[in-house]
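Undergrad:
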Amino acid sequence: MFTFAETKKYTNTMEEFKSVNDILDFAIDQEQQAVDFYKDLAAKVNSKVMGKVFEQFSKEEMGHKAKLIAVKEKGSYNVAIEKILDLKISDYVVHAASGPEMTYQDALILSMNKEKAAFKLYLTLSEKAPNDDIKNLFLMLAQEESKHKLRFELEYDENILKEN
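Add 6 to a position in the sequence shown, counting from 1, and you land on the number used in this note's numbering.
1. Under a three-way DSSP split, which group does M108 fall into?
2. Which runs of the beta strand (DSSP E) spanning at least 3 residues fall entirely within the region 15 to 84, listed in chain order?
3. Alpha carbon to alpha carbon, how far is V55 from T109? Give it in angstroms, no decimals.
4. Could you check whether the region 26 to 44 touches the region 70 to 83, counting it as contact only if at least three pairs of C-beta atoms, one from each stretch, sit closer than 8 Å?
5. Assuming I140 is part of the alpha helix (DSSP H), what are its boundary residues?
6. From A113, H70, G69, A40, pick the residue whose C-alpha is nearest to that of N52; which is it?
7. What is the DSSP secondary structure of K120, reduced to helix, strand or coil?
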């Protein structure tokens, strides 16, 4: 999962991806980083309930990694692009830092922004793709990140905005 500065670094080096397998290896690595991010976040929060929530997000990222590994092993990927709702909550919240004293709100903001950065990375890479297959693969990955972000936005809307 990326910061916005890291996104620019990778989108300027499209030539690093010589094949679909290179893209899949990259995406698999990013999903592993997401697994690690959410495990780390679960360990940092003070609330056991919050810890369980982020452990669940980590497991979901493991599922996405497994899906990508299966795509790589089978050599085919059917891309069904759908429009994902964007509540744009992350556009209007102050960035949060990770730490043991973070609130659930901070953790959700951090997660929304990480997913937004990953979405932007894959979307930008799709625009630079050398062919339609690779473009569609990047669009599928962007769609997955958009779904993650939406889930965090819905959680934020239900548990933070409605409480205020």
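Think of the CB as a built atom: it goes at the ideal place given N, C-alpha and C, for glycine as much as any other residue.
TA: So, to answer that:
1. coil
2. none
3. Rounded to whole angstroms, the separation of the alpha carbons of V55 and T109 is 12 Å.
4. yes
5. 138 to 162
6. For N52, the nearest C-alpha among the options comes from A113.
7. Secondary structure at K120: helix, using DSSP grouped into helix, strand and coil.
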